[in-house]
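Each residue of the sequence shown is one higher than the one before, starting from 47 at the first, in my numbering.
Accompanying notes for the structure given below.
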Amino acid sequence: MIDYEDTDCLLAKIRGSVVPKAIFFSLPSILIALAILIAEDLHPGFLEESGMDDIDESLMWNAMTGISAVLIAFRTRQALGRFWEGTGLLHQMRGEWFDSVSCLTSFSRDAKMKGKEKEVEEFRHTLIRLMSLMHGSALDEIGGGDDLSDNYEVLDIKGLDMDTLLFLRHCKSFKFNRVEALQHMIQVLVTANHHSGVLTIPPPILSRIYQTLSRGLVNLLNAKKIKDTRFPFPYSQVIIVLIYAHSIFTPAVMTQLVENKVVCCALSFLPVFGLVALNLIAGELEMPFGHDENDLPLQHFQEEFNYSLLMLIHEKADHIPHTSDDIEKSFDVLFQYMSPTTERQLHSHSKVYLRDSFIVRQGGDLSGDQRVRKLVTGEESSSSMMFSSSFGLGKGGAAPRKMKSEDKAPAPPALTVAVPVAPPPVTAAMVPEAASPSSTKGAASPTTP
47 MIDYEDTDCL
57 LAKIRGSVVP
67 KAIFFSLPSI
77 LIALAILIAE
87 DLHPGFLEES
97 GMDDIDESLM
107 WNAMTGISAV
117 LIAFRTRQAL
127 GRFWEGTGLL
137 HQMRGEWFDS
147 VSCLTSFSRD
157 AKMKGKEKEV
167 EEFRHTLIRL
177 MSLMHGSALD
187 EIGGGDDLSD
197 NYEVLDIKGL
207 DMDTLLFLRH
217 CKSFKFNRVE
227 ALQHMIQVLV
237 TANHHSGVLT
247 IPPPILSRIY
257 QTLSRGLVNL
267 LNAKKIKDTR
277 FPFPYSQVII
287 VLIYAHSIFT
297 PAVMTQLVEN
307 KVVCCALSFL
317 PVFGLVALNL
327 IAGELEMPFG
337 HDENDLPLQH
347 FQEEFNYSLL
357 MLIHEKADHI
367 PHTSDDIEKS
377 FDVLFQYMSP
387 TTERQLHSHS
397 KVYLRDSFIV
407 RQGGDLSGDQ
417 RVRKLVTGEE
427 SSSSMMFSSS
437 FGLGKGGAAP
447 RKMKSEDKAP
457 APPALTVAVP
467 VAPPPVTAAM
477 VPEAASPSST
487 KGAASPTTP
């Protein structure tokens with residue numbers, strides 16, 4: 047699939063474009079128009095003798111153009127719907143299967159804590175290899191079955207035992223569906239590890255895993271429905287016949303209306319070009335699976351799924367998140383921090399966004415929760431907060447720019463907020479060395495209710 051931006055020069059892009067083909071199929075219209083005009087110049091009265099002068103007075107060309115436009119519009123609408131349905135089904139399939147592996151990894155954590163590290167590790171590594179192979183086999187099944195269909199990277203397929211590999215190799219000779227065989231293997235693996243104590247989870251909860259695996263397979267079968275069902279042949283045949291007829295009658299009509307050869311050729315070319323281009327676009331979109339330029343990036347989908355599976359065997363996959371020691375638990379402080387009034391008073395850089403959540407504070411800088419408390423209580427000015435929030439690991443270690451006078455926001459008014467815990471005193475270690483001494487002047491003192 048071609049990735050592009052609206053700001054790119056789209057006219058200069060050839061790969062994946064239908065323009066060259068549409069121009070090629072529209073050239074006969076120009077040649078026919080030139081031939082008619084030259085024949086009229088060499089033999090005056092050619093149009094009357096051939097009967098072409100009656101074409102512009104009939105409704106045949108208008109009717110033919112209208113029918114062609116309606117049929118091509120119908121095909122384009124159906125093709126776009128098939129394209130979006132195809133990409134939606136693949137993402138749903140990936141979501142269902144990843145959710146299954148993620149839940150199974152979480153369910154096996156309890157057995158790992160109870161001394162079954164080896165069994166849990168064996169189960170997880172077998173599971174991610176089978177799931178990566180099943181996802182790649184599913185993309186292979188809907189990808190077209192050509193020479194490029196087996197080029198889907200899987201996670202260490204040689205890490206599976208020889209009996210499993212031999213069975214999967216002979217699936218085609220036995221006319222077995224490889225995706226269904228792999229899903230059955232995963233269900234057997236889950237059931238066996240549940241009985242052995244690796245998956246210490248109640249059966250009603252574990253049954254949800256079988257349901258998500260089943261929904262992923264259903265999404266795959268719906269995607270195969272798009273691959274196996276082409277646009278009806280009679281429609282395609284009638285559209286092609288009308289386009290050929292249109293490419294002949296359009297020059298005959300334009301030669302009656304325009305005498306200039308250049309303008310007549312252009313007007314004969316553009317209607318045919320538009321119909322041919324739309325028909326070619328519909329043909330590209332109605333089959334979204336494959337390895338053409340405008341098909342869905344199946345190999346990219348497989349690569350993303352592999353990285354998602356690798357995340358589940360990372361050493362921090364079993365980490366239990368918890369809050370920090372200096373967490374802010376006061377509802378009043380958090381509510382005032384999120385209120386529109388406080389948002390208008392504080393500088394935009396003083397609020398914490400997702401992009402700032404993973405910046406490591408250094409140099410004894412205050413934590414985000416402490417900064418919020420000090421801002422809401424009025425103990426710290428918004429200007430110093432803006433400077434400290436931008437202090438971190440920037441590109442190249444560059445220091446933040448010095449604040450200009452117009453950038454400094456006025457100190458917020460004191461808010462009467464009950465704070466259960468007194469804020470820690472400000473020390474020299476909490477202020478970055480690059481901070482201006484003037485940035486701490488004029489800080490409002492906390493106000494008690």
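Glycine included, every Cβ here is placed at the ideal spot set by N, Cα and C.
The model shown is predicted, which means the values in this text are computed figures rather than measured ones.
Pro-249 to His-240 span [Cα, whole Å]:
On the sequence shown, residue 249 is found 203 positions in, with the first residue counted as 1. On the sequence shown, residue 240 is found 194 positions in, with the first residue counted as 1. Rounded to the nearest angstrom, the two C-alpha atoms are 9 angstroms apart.
Cβ-based burial, Arg-254 [other Cβ within 10 Å; buried from 16]:
As a position in the sequence shown, residue 254 is number 208, starting the count at 1. By the neighbour-count rule (16 or more Cβ atoms within 10 Å), Arg-254 is not buried but exposed.
Segment limits, alpha helix (DSSP H) that includes Asn-265:
The sequence position of residue 265 within the sequence shown is 219, counting from 1. Segment 249-274, the alpha helix (DSSP H) holding Asn-265.
Same chain, Cβ closer than 6 angstroms to Asp-364, five either side skipped, listed in chain order
Residue mapping note: residue 364 aligns to position 318 of the sequence shown, counting from 1. Around Asp-364: Arg-155.
Which of helix, strand or coil does DSSP assign to Ala-109?
Walking along the sequence shown from the start, residue 109 turns up at place 63. In the structure shown, Ala-109 sits in a helix (DSSP, three-state: H, G or I).
Do three or more CB pairs link the stretch 357-371 to the stretch 301-316 at distances below 8 angstroms?
No, the stretch 357-371 is not in contact with the stretch 301-316.
Which same chain residues end up closer than 8 angstroms to Leu-355 when comparing Cβ atoms and leaving out the 5 residues on each side of it in sequence?
Here residue 355 is taken as the residue at index 309 of the sequence shown, counted from 1. These residues qualify, in order along the chain: Phe-144, Val-147, Ile-174, Met-177, Ser-178, Leu-201.
Let me know the secondary structure DSSP gives Glu-374 once reduced to three states.
For the purposes of this step, residue 374 is identified with residue 328 of the sequence shown, where counting begins at 1. In the structure shown, Glu-374 sits in coil (DSSP, three-state: anything other than H, G, I, E or B).
In angstroms, rounded to a whole number, what distance separates the CA positions of Lys-59 and Phe-315?
What you label residue 59 is simply residue 13 of the sequence shown in a count that begins at 1. What you label residue 315 is simply residue 269 of the sequence shown in a count that begins at 1. Straight-line measurement puts the Cα of Phe-315 at about 21 angstroms from the Cα of Lys-59.
Could you tell me the boundaries of the alpha helix (DSSP H) in which Phe-335 lies?
For the purposes of this step, residue 335 is taken as the residue at position 289 of the sequence shown. First-last for Phe-335: undefined, no H or E at that position.
Spatial neighbours of Val-65 in its chain, beta-carbon cut-off 6 angstroms, leaving aside the 5 residues before and after:
Residue 65 sits at position 19 when you count from the first residue of the sequence shown. In its chain, beyond the 5 residues on either side, no residue has a beta carbon closer than 6 angstroms to the beta carbon of Val-65.
Start and end residues, alpha helix (DSSP H) containing His-89:
Position 43 of the sequence shown, counted from the first residue, corresponds to residue 89. Careful: His-89 lies outside any alpha helix (DSSP H) and carries neither H nor E.
Ordered along the chain, which non-local residues of its own chain (more than five positions away) have a Cβ less than 8 angstroms from that of Lys-218?
For the purposes of this step, residue 218 is taken as the residue at position 172 of the sequence shown. Taking Lys-218 as the centre and dropping the five residues before and after it, the same chain places the C-beta of Arg-224 closer than 8 angstroms to its C-beta, in chain order.
Asp-338 versus Ser-72 - alpha carbon distance
The residue given as residue 338 occupies position 292 in the sequence shown. The residue given as residue 72 occupies position 26 in the sequence shown. In this model, Asp-338 and Ser-72 are separated by some 23 angstroms (Cα to Cα).
Quick check: Leu-321 and Ser-63, are their CB atoms within less than 8 angstroms of each other?
The residue you call residue 321 lines up with position 275 of the sequence shown. The residue you call residue 63 lines up with position 17 of the sequence shown. Contact flag unset, no.
Please return the same chain residues whose Cβ sits closer than 7 angstroms to the Cβ of Val-467, not counting the five positions on each side in sequence.
Locating residue 467 in the sequence shown gives position 421, counting from the first residue. Because the pLDDT of Val-467 is 46, which lies under 50, any placement of that residue in the model is unreliable, and the question is left without a value.
Consult DSSP for Phe-277 and reduce its assignment to one of helix, strand or coil.
Numbered from 1 along the sequence shown, position 231 holds the residue referred to as residue 277. Three-state DSSP puts Phe-277 in coil, outside helix and strand.
Within this structure, are the beta carbons of Gly-132 and Phe-335 separated by less than 8 angstroms?
Within the sequence shown, the letter at position 86 stands for residue 132. Within the sequence shown, the letter at position 289 stands for residue 335. Between Gly-132 and Phe-335, the gap from beta carbon to beta carbon is short of 8 angstroms.
How would you write the range of the alpha helix (DSSP H) that Lys-164 sits in, first residue to last?
Counting from one through the sequence shown, the residue named residue 164 turns up at place 118. Looking at the DSSP string, the run of the alpha helix (DSSP H) that includes Lys-164 is 163-188.
Unbroken alpha helix (DSSP H) run spanning Tyr-353, endpoints
The residue given as residue 353 occupies position 307 in the sequence shown. Where Tyr-353 is concerned, the enclosing alpha helix (DSSP H) stretches over 344-358.
Any idea what DSSP makes of Met-231, helix, strand or coil?
Within the sequence shown, numbered from 1, the residue matching residue 231 stands at position 185. Here Met-231 sits in helix by DSSP.
Measuring only the C-alpha atoms, how far is His-292 from Asp-87?
Walking along the sequence shown from the start, residue 292 turns up at place 246. Walking along the sequence shown from the start, residue 87 turns up at place 41. Whole-angstrom Cα-Cα distance: 24 angstroms.
Does DSSP put Gly-440 in a helix, a strand or coil?
Residue 440 sits at position 394 when you count from the first residue of the sequence shown. Confidence at Gly-440 is low in this model, with a pLDDT of 36, below 50, so its placement is unreliable and the value that follows should be read with caution. The answer is coil: DSSP assigns Gly-440 none of H, G, I, E or B.
Is it buried or exposed, His-181, if we count other Cβ atoms within 10 angstroms and call 16 or more buried?
Looking up residue 181 in the sequence shown gives position 135. By the beta-carbon neighbour count (other beta carbons within 10 angstroms, threshold 16), His-181 is buried.
Check whether the Cβ atoms of Ile-259 and Gln-283 lie closer than 8 angstroms to each other.
By one-based count along the sequence shown, residue 259 stands at place 213. By one-based count along the sequence shown, residue 283 stands at place 237. It is worth fixing the name first, because residue 259 is Leu in this sequence and not Ile. Going by C-beta atoms, Leu-259 is not nearer than 8 angstroms to Gln-283.
Thinking C-beta only, is Leu-206 closer than 8 angstroms to Gln-229?
Reading the sequence shown from its first residue, position 183 is the one you call residue 229. Reading the sequence shown from its first residue, position 160 is the one you call residue 206. It is not a contact, given that the beta carbons lie outside the stated cut-off.
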